[in-house]
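Undergrad:
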Amino acid sequence: MQMKHLIIFALVGMVALLGFNLINGNQREKDREAVISDAGSEQSPDTALPNTDDVESGSVDVASQPLGKQPKAILDNATAKIDQAQEADKERLDQMSNTQ
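According to the working numbering, the sequence shown is numbered sequentially starting from 2.
1. So what's Met2 in DSSP terms, helix, strand or just coil?
2. Which whole-angstrom value describes the C-beta separation of Ala74 and Val63, a residue pair presumed to lie in contact below a C-beta threshold of 8 Å?
3. When burial is assigned at 16 or more other CB atoms within 10 Å of the CB, is Asp90 buried or exposed?
4. Can you give the Cα-Cα distance for Gly14 and Met4, rounded to whole angstroms?
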């Protein structure tokens with residue numbers, strides 16, 4: 002195969018790959034917009050926040066929270082667990098002091 006044919010073949014291949022990437026990128030963008038619009042219609046921003054009952058009981062599922070709310074959900078969950086541990090520790094100390 003001559004060098005000229007090889008260069009033409011490479012250029013045609015690059016153009017085909019570029020076209021494929023453009024078409025595939027547009028399809029992904031459409032899919033992404035559809036997912037975002039579906040998620041937005043299913044959940045309002047108010048319902049995305051965890052209930053205060055869930056936070057107090059420490060049962061907030063962080064993975065189910067949207068990415069923007071996950072850091073707050075992690076902090077709320079950790080705070081609830083710390084509060085529970087402090088309450089349990091305080092109760093144990095009260096029991097120890099009552100028995101003595």
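C-beta atoms are modelled at their ideal positions from N, C-alpha and C, and glycine is treated no differently. Every value quoted in this text rests on a predicted model; they were computed, and no experiment measured them.
TA: This is what the structure holds:
1. coil
2. 5 Å
3. exposed
4. 15 Å
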